[in-house]
Amino acid sequence: MPTDVHQHIWPPAFVELLRARTAPPYLDGWTLHLAGEPPYEVDPADHDVAARAALAHADGLDLALVSLSSPLGIEHLPPAEAAPLLAAFHDGALALPAPFGVWASPCLSEPETAPDAVERELRRGCAGLQLPATALLDAAGWDFCAPLLDVLTRHDKPLFVHPGTAPPTPGTPPWWPALVPYVHQMHASWFAFRAFGRARHPRLRVCFAALAGLAPLHGERFAARGGGRGEVDFDAFYETSSYGTRAVDALVRAVGIDVVVSGSDRPYASPTVPDLGAAAALHALRTVNPARLLKGATP
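Residues 1209 to 1507 (this note's numbering) are what the sequence shown spells out, left to right.
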């Protein structure tokens, strides 16, 4: 079952709610305005369901998991603002045709009701839960999100950690958010998971977008500074979006082939096929490893 674990589609009702807003995140026509990034011209074709389904089939996918764009910051909006946007996303995404599946997203500003809401979306068919990396940067973040992760463990569903909002940084080039705050967030959330998250959630399967900001490549420095090398965590996965052969090959050398999964971040990046020297490696990234992430099994 060839799988892309990381795509984004905005259902029509979700788009209309973004257009009705006057504060970030909002759409002015098809121009997206976020607090920490320059205005972004969205291509309407990127959110045309029929066109995207055709692309997924052309990519040879049997499953493409779509998620809320966490850099929008919707998870952290006040509950009265977040609730209709989350409902429109979940309702629209769950109604998408094959080959699409859905990651659920929570309202983190209403922690008392968020676990029940996540459980409801999982029961409706979501493949797991996406959280912004900004919510998981330290011990306090992993502790705050623990009730949501307990829901995932009960349902035997995985967590997908995705870059969150970027802080305003005047004077930087347009690529800055994707290369600096996004990578830092993924790097920090991975180390925080190692230091605080795994002990609290020993059975949780978790996938870090964008190869966890290449954090596992710092293993030698981690060992030199007293962190220890440790064994490979076969329930911690790394998704490939925006990286190619050199980065994927380096990560495979650090953590092994069994925990790397294929993801594209379409429509914000095109799928890449890393040349790892064997057809079996691509089969692992696209089929075997995503199945283990979603369903669980010993490699």
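Just so you know, even glycine gets a beta-carbon here, dropped at the ideal spot from N, CA and C.
Three-state secondary structure (DSSP) of Trp1218: Sequence index remark: in the sequence shown, residue 1218 carries index 10 (1-based). In this structure, Trp1218 counts as coil in the three-state DSSP scheme.
8 Å Cβ cutoff met for Leu1501 and Val1468: Residue numbering aside, residue 1501 sits at position 293 when the sequence shown is read from its first letter. Residue numbering aside, residue 1468 sits at position 260 when the sequence shown is read from its first letter. Cβ distance not < 8 Å, so Leu1501 and Val1468 don't count as in contact.
Beta-carbon proximity check, Tyr1446 vs Phe1416, cutoff 8 Å: Residue 1446 sits at position 238 when you count from the first residue of the sequence shown. Residue 1416 sits at position 208 when you count from the first residue of the sequence shown. Contact: yes.
heavy atom of the ligand SAH below 7 Å from Tyr1248 C-beta: Absence of the ligand SAH is noted for the structure shown, with no ligands found whatsoever.
Ala1341 vs Ser1397 beta-carbon contact at 8 Å: By one-based count along the sequence shown, residue 1341 stands at place 133. By one-based count along the sequence shown, residue 1397 stands at place 189. Their beta carbons are under 8 Å apart, which means Ala1341 touches Ser1397 by this criterion.
DSSP state of Asp1358 mapped onto helix, strand, coil: The residue given as residue 1358 occupies position 150 in the sequence shown. Three-state DSSP puts Asp1358 in a helix.
Reduced DSSP secondary structure (H/G/I, E/B, other) of Phe1399: Residue numbering aside, residue 1399 sits at position 191 when the sequence shown is read from its first letter. Of the three classes helix, strand and coil, the one that applies to Phe1399 here is helix, per DSSP.
Contact set for Asp1254: own chain, Cβ-Cβ below 6 Å, skip 5 residues either direction: Locating residue 1254 in the sequence shown gives position 46, where the first residue counts as 1. Hits under 6 Å: Pro1475.
Rounded separation between Ile1282 and Gly1421 - CA only: Indexing the sequence shown from 1 puts residue 1282 at position 74. Indexing the sequence shown from 1 puts residue 1421 at position 213. Cα to Cα, Ile1282 sits roughly 22 Å from Gly1421.
According to DSSP, residues forming a beta bridge with Gly1237: What you label residue 1237 is simply residue 29 of the sequence shown in a count that begins at 1. For Gly1237, which the question treats as bridged, DSSP gives no partner whatsoever.
Where Gly1309 sits in the DSSP three-state scheme: As a position in the sequence shown, residue 1309 is number 101, starting the count at 1. Reduced to three states, the DSSP call for Gly1309 is strand.
Contacting residues, own chain, Cβ-Cβ under 6 Å from Ala1296 (five flanking each side not counted): The residue labelled residue 1296 in the question sits at position 88 within the sequence shown. So the qualifying residues of the chain are Ala1221, Phe1222, Leu1225.
The stretch 1301-1308 in contact with the stretch 1358-1376 per 3-pair CB rule at 8 Å: no
Spatial distance of Gly1244 from Val1456 (CA atoms): By one-based count along the sequence shown, residue 1244 stands at place 36. By one-based count along the sequence shown, residue 1456 stands at place 248. When rounded, the distance between both Cα atoms is 28 Å.
Under the three-state DSSP convention, the category Phe1445 falls into: What you label residue 1445 is simply residue 237 of the sequence shown in a count that begins at 1. Phe1445: strand per DSSP, three-state reduction.
Distance, Leu1412 Cα to Asn1497 Cα: Counting from one through the sequence shown, the residue named residue 1497 turns up at place 289. Counting from one through the sequence shown, the residue named residue 1412 turns up at place 204. So the two alpha carbons sit approximately 15 Å from each other.
Same chain only: Cβ atoms within 6 Å of Val1440, ignoring 5 sequence neighbours per side: Taking the first residue of the sequence shown as position 1, residue 1440 is located at position 232. Only Val1463, Gly1464 meet the Cβ criterion.
In DSSP terms, what Thr1211 is bridged to: By one-based count along the sequence shown, residue 1211 stands at place 3. For Thr1211, which the question treats as bridged, DSSP gives the partners Leu1271.
Three-way DSSP call (helix, strand, coil) for Gly1421 in this model: On the sequence shown, position 213 is the one that residue 1421 refers to. Three-state DSSP puts Gly1421 in a helix.
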